Amino acid sequence: MGPGSATMIRPDVVIVNWLLALPFFAAFCSELFPGIAARVHSKAEAQSLAPGPFLLGALASVMGVVLSLSLMPALGPGGVNVNYWWTADLYHMRFVADGLAAFVILAIFGLGLLIHLHMAGLPEASQPHHRAALLLAAQGCGVGAVLSADVVALVFLLELMLVCLWALAAMDAPKGAFRMLATAHVGGLLVLGGMLVAWQEAGNTSLAALPLLLVSADPGTTGVIAFGILLGLLPLISGVPGHGWGPLLAKDGAAVAVAPTSLLLLVGGYGLLRLLPGTLILPAVPALGGTALAVGLCALGWGALHVWLARGLRQVAAWLTVAQSGYLLIALGVAAGSNQPPACLRAASLHVLLTPLALIAVWSAASGLVTRVGTDAIAALGGLFRQMPLVGVALLAGGMSIAGVPPLGGFRVQQQLLSGLVAEGRFVLTALLVIADVIIALAVVGVFRRTFLRGVHPPTVLRSSPWLSVQLVLVVAALLASGIWGTPLARWSEGLQNTVLSISP
Amino acid sequence: MGIALAPAPIAALALASTALLVVATLLAVRARAASQSFSWIVVAGAAYAVLGMASALHVRESDGVRASVLQLLAVVLASAVAMLCSTTSEGEKVAGGRLATAGRVLAWLTLVGLPPTVGFHSKVMVYRALLMAGWGWVAVVAMLASATALLPAFRGMGSSEGVEMRGLRAAGAVAGMAAIVLLGVYPQLGFAIAKVVESLAA
Numbered sequence: 001m002g003p004g005s006a007t008m009i010r011p012d013v014v015i016v017n018w019l020l021a022l023p024f025f026a027a028f029c030s031e032l033f034p035g036i037a038a039r040v041h042s043k044a045e046a047q048s049l050a051p052g053p054f055l056l057g058a059l060a061s062v063m064g065v066v067l068s069l070s071l072m073p074a075l076g077p078g079g080v081n082v083n084y085w086w087t088a089d090l091y092h093m094r095f096v097a098d099g100l101a102a103f104v105i106l107a108i109f110g111l112g113l114l115i116h117l118h119m120a121g122l123p124e125a126s127q128p129h130h131r132a133a134l135l136l137a138a139q140g141c142g143v144g145a146v147l148s149a150d151v152v153a154l155v156f157l158l159e160l161m162l163v164c165l166w167a168l169a170a171m172d173a174p175k176g177a178f179r180m181l182a183t184a185h186v187g188g189l190l191v192l193g194g195m196l197v198a199w200q201e202a203g204n205t206s207l208a209a210l211p212l213l214l215v216s217a218d219p220g221t222t223g224v225i226a227f228g229i230l231l232g233l234l235p236l237i238s239g240v241p242g243h244g245w246g247p248l249l250a251k252d253g254a255a256v257a258v259a260p261t262s263l264l265l266l267v268g269g270y271g272l273l274r275l276l277p278g279t280l281i282l283p284a285v286p287a288l289g290g291t292a293l294a295v296g297l298c299a300l301g302w303g304a305l306h307v308w309l310a311r312g313l314r315q316v317a318a319w320l321t322v323a324q325s326g327y328l329l330i331a332l333g334v335a336a337g338s339n340q341p342p343a344c345l346r347a348a349s350l351h352v353l354l355t356p357l358a359l360i361a362v363w364s365a366a367s368g369l370v371t372r373v374g375t376d377a378i379a380a381l382g383g384l385f386r387q388m389p390l391v392g393v394a395l396l397a398g399g400m401s402i403a404g405v406p407p408l409g410g411f412r413v414q415q416q417l418l419s420g421l422v423a424e425g426r427f428v429l430t431a432l433l434v435i436a437d438v439i440i441a442l443a444v445v446g447v448f449r450r451t452f453l454r455g456v457h458p459p460t461v462l463r464s465s466p467w468l469s470v471q472l473v474l475v476v477a478a479l480l481a482s483g484i485w486g487t488p489l490a491r492w493s494e495g496l497q498n499t500v501l502s503i504s505p
Numbered sequence: 001m002g003i004a005l006a007p008a009p010i011a012a013l014a015l016a017s018t019a020l021l022v023v024a025t026l027l028a029v030r031a032r033a034a035s036q037s038f039s040w041i042v043v044a045g046a047a048y049a050v051l052g053m054a055s056a057l058h059v060r061e062s063d064g065v066r067a068s069v070l071q072l073l074a075v076v077l078a079s080a081v082a083m084l085c086s087t088t089s090e091g092e093k094v095a096g097g098r099l100a101t102a103g104r105v106l107a108w109l110t111l112v113g114l115p116p117t118v119g120f121h122s123k124v125m126v127y128r129a130l131l132m133a134g135w136g137w138v139a140v141v142a143m144l145a146s147a148t149a150l151l152p153a154f155r156g157m158g159s160s161e162g163v164e165m166r167g168l169r170a171a172g173a174v175a176g177m178a179a180i181v182l183l184g185v186y187p188q189l190g191f192a193i194a195k196v197v198e199s200l201a202a
């Protein structure tokens with residue numbers, strides 16, 4: 001918006017804001033008017049034998065996707081320039097045929113479905129309609145933030161997503177939820193600062209102006225914008241030093257922690273990819289790559305060390321979340337180098353897609369143990385594999401995927417990342433990465449062995465909801481499938497960089 | 001703007017309002033009672049509005065007047081909603097009054113500058129006005145103050161005191177909350193109001 005103009009956000013974005021806000025208010029109203037909530041509750045209870053929670057979650061996810069698709073027209077000329085989904089002829093055909101245009105949306109759809117399943121399957125997940133509404137709002141806002149072509153709308157949706165996730169997580173873990181909102185809000189202010197500088201330089205709030213600034217703005221200004229984006233999105237991906245909310249959230253709200261960790265990683269990761277390499281800022285600011293690399297190494301080392309030292313499964317999950325951010329940042333840091341190896345960018349986009357799946361597996365295992373056994377302290381557990389084989393397999397699959405062990409999806413990420421590093425001649429970094437992988441893999445195997453295979457009398461285990469088992473099977477299957485059939489994923493990720501995540505003036 | 005001030009008084013005004021913003025935010029953090037914290041954050045909110053005005057006086061094209069008006073609107077709405085939702089006497093205290101809790105949360109979100117409230121847009125406009133005025137460091141301080149305000153905000157939102165509201169009082173609170181959110185998701189309305197005030201001032 002130029003000075004004196006009366007329009008701050010384009011009307012279509014405002015309409016979408018309205019739509020995105022609706023589920024938030026629905027959740028709000030269900031709290032305000034207990035009569036409505038009671039009706040929904042009783043309806044859900046009446047359908048307890050039917051797959052009510054599953055359908056509710058699926059419906060919520062589909063609505064999130066529909067709302068997100070309505071944001072499409074707000075995209076700039078370099079984005080996914082399609083018509084409104086309900087008016088375009090054969091749009092759905094194109095959607096399926098391309099397989100690229102809405103890749104981010106599909107990823108978030110799948111992730112949302114899994115999170116909904118997770119929340120429906122856990123005994124402590126009460127008020128499913130309320131949670132689903134908040135999660136739906138967060139998902140919609142997250143997709144909107146990733147795809148928004150307007151810098152103010154981007155920050156607005158990002159912050160609204162945080163508010164929704166805060167309301168969701170605060171039901172179980174108020175302290176962790178507060179830390180998450182506070183840390184991420186500081187990050188949001190940094191992003192806003194960068195965006196305001198871009199706005200001032202470009203004279204409008206379009207994201208498409210960012211690549212143009214590289215030509216006209218001085219290096220200092222570009223640096224402020226770039227560092228605002230990088231440091232501002234660090235808390236979302238649990239990168240050091242904005243990572244503290246993860247372990248704190250894990251302490252009290254294992255079941256609900258999966259939503260913020262997975263969704264924030266997805267939104268933060270795609271946000272970074274779209275705003276840094278997508279706008280060509282990453283290679284244009286030399287110091288940015290070095291910073292990303294340094295922060296990434298810190299996060300990976302710090303996370304891997306704590307995974308090794310962790311005494312509870314929730315801690316393992318939390319520190320794996322921190323460690324994974326290191327891979328993403330290292331990939332971005334190397335991608336900023338003089339040769340800009342495309343394999344590193346592919347690794348980054350694959351990482352953002354696959355790591356939330358691995359994290360869901362690990363968090364589900366941790367929260368499943370807490371709810372069924374009553375504790376996640378490794379010293380108090382043992383011999384649980386016979387009673388909870390799926391939980392054990394999920395923990396192992398998730399942890400091994402993050403460490404890049406074949407045939408899991410994470411292997412594809414590591415394959416691309418390591419080949420990019422070798423192509424760049426960064427052999428020391430390659431060795432460090434392999435060492436971190438080995439540390440994480442050994443730590444996860446150690447935790448699995450002590451928790452599930454140790455020859456002690458196992459503690460009493462409560463029965464679990466079948467939905468939790470369904471979810472665990474789905475996640476492990478997805479991790480295996482993405483590892484075994486990696487070629488389509490690699491092709492998608494390459495297309496992703498050239499379409500959704502690229503912004504050209 | 002019909003007012004023309006020398007640069008020195010304008011700078012002094014900006015400096016004084018920055019100092020007020022910092023002090024009020026720190027006092028809000030320090031205060032033990034949620035109501036005290038809220039009062040100090042309201043003062044800080046007024047300081048944001050003065051900063052917007054100072055930016056307008058310094059650089060007319062900075063959009064500071066609109067930022068200032070929008071911020072004042074946010075502060076007034078938040079204060080009104082919080083006042084309606086707070087206790088007026090000891091006998092009225094009812095833990096968990098749902099409407100009161102919702103009102104209090106929205107009032108705090110507005111003052112902190114989080115969506116979906118009008119406070120988000122007013123804060124963005126103030127930061128932008130400060131940048132346009134060439135006061136980047138003041139914008140940084142203002143952002144830091146906004147982040148710090150989360151501390152008392154969480155105490156305030158988490159406090160259990162509330163009233164069971166009925167009748168006109170409830171209607172007033174609902175209207176205030178609706179206005180906060182309406183201006184938050186459709187900021188053009190707020191800008192239209194600000195434009196009217198700006199034209200009156202001119």
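Here the protein sequences come in this chain order: A and B.
Residue 115 in the working numbering sits at position 115 of the first sequence; the count goes up by one each step and never skips.
Residue 77 in the working numbering sits at position 77 of the second sequence; the count goes up by one each step and never skips.
Every residue, glycine too, gets a C-beta built ideally from N, C-alpha and C.
All of these numbers come straight from a predicted model, not from anything done at the bench.
Against chain A, the CB of B/Y48 has no partner CB under 7 angstroms away; the residue lies outside that interface.
Straight-line measurement puts the Cα of A/T371 at about 11 angstroms from the Cα of A/S465.
Rounded to the nearest whole angstrom, the CA to CA distance from A/S148 to B/V185 is 15 angstroms. In the DSSP assignment, B/Y48 falls within the unbroken alpha helix (DSSP H) covering 34–58. B/F38 has a beta carbon lying at 7 angstroms or more from every beta carbon in chain A. When the five nearest sequence neighbours on each side are left out, the beta carbons in the same chain lying within less than 7 angstroms of the beta carbon of A/G242 are those of T183, G187, L234, P235, in order along the chain. When the beta-carbon positions are compared, A/P260 and A/A365 stay at least 7 angstroms from each other. Within its own chain, the residues whose Cβ lies closer than 6 angstroms to the Cβ of B/A129, once the five positions on either side in sequence are excluded, are G52, S55, S62, D63, G64, A67, listed in chain order. Proximity of A/Q387 to chain B, defined by a Cβ-Cβ separation below 7 angstroms, is not satisfied.
For A/G176, the enclosing alpha helix (DSSP H) stretches over residues 174–202. Closest by C-alpha distance to A/I115, out of A/L190, A/A257, A/L275, A/T205, is A/A257. DSSP places A/F452 in no alpha helix (DSSP H); its state is neither H nor E. When only Cα atoms are considered, B/L72 and A/L196 end up about 21 angstroms apart. For the segment 168–181 of chain A, the set of residues with a beta-carbon nearer than 8 angstroms to any beta-carbon of chain B comprises P174, F178, L181, in chain order.
At a C-beta separation below 7 angstroms, A/L249 has no neighbours in chain B, since its nearest C-beta there lies roughly 15 angstroms away. Contact annotation for A/L160 against chain B: P115, P116 [CB-CB distance below 7 angstroms, chain order]. For B/S146, the C-beta contacts it makes with chain A under 9 angstroms involve H185, L189, in order along the chain. Within chain A, the C-beta atoms nearer than 9 angstroms to that of B/M143 come from V186, L189, L190, L192, G193, in chain order. For the pair A/N204 and A/A198, the Cα-to-Cα distance works out to about 8 angstroms.
Under DSSP, A/G312 shares a beta bridge with A/A377. Sorting A/V191, A/L263, A/G220, A/G290 by C-alpha distance to the C-alpha of A/L134 places A/L263 at the top. Neighbourhood of A/Q471 in chain B, by CB distance below 8 angstroms: empty, with the nearest CB roughly 31 angstroms away. If you draw a 10 Å sphere on the C-beta of B/L200, you find fewer than 16 other C-beta atoms in it, and that means exposed. For A/M171, no alpha helix (DSSP H) segment is defined, and its DSSP state is neither H nor E. At the C-beta level, A/I435 and A/A403 stay beyond 7 angstroms of one another. Excluding residues up to 5 positions away in sequence, A331, A347 lie with their Cβ nearer than 6 angstroms to the Cβ of A/L417 in the same chain. Contacts between A/L196 and chain B, judged by CB atoms closer than 8 angstroms, involve V124, Y127, R128, L131, A139 in chain order. Closest in C-alpha terms to A/A335, from the list A/L297, A/V362, A/V316, A/L293, comes A/L293. Membership of A/N498 in the alpha helix (DSSP H) is indicated by the continuous run 486–498. For a cut-off of 8 angstroms, the C-beta gap from A/W308 to A/P247 is around 14 angstroms, too long to register as a contact. Its Cα nearest to that of A/L276, the residue A/L213 stands out among A/L213, A/Q324, A/G409, A/D218. Under the Cβ distance rule, A/Q200 counts among the residues neighbouring chain B, one pair being separated by less than 7 angstroms.
In the DSSP assignment, A/M400 falls within the alpha helix (DSSP H) that extends over 389–403. A/D252 is bridged by DSSP to nothing; it lacks a bridge partner.
With respect to chain A, the C-beta atom of B/L150 has a partner C-beta closer than 7 angstroms.
At a cut-off of 7 angstroms between C-beta atoms, A/F411 does not count as an interface residue with respect to chain B.
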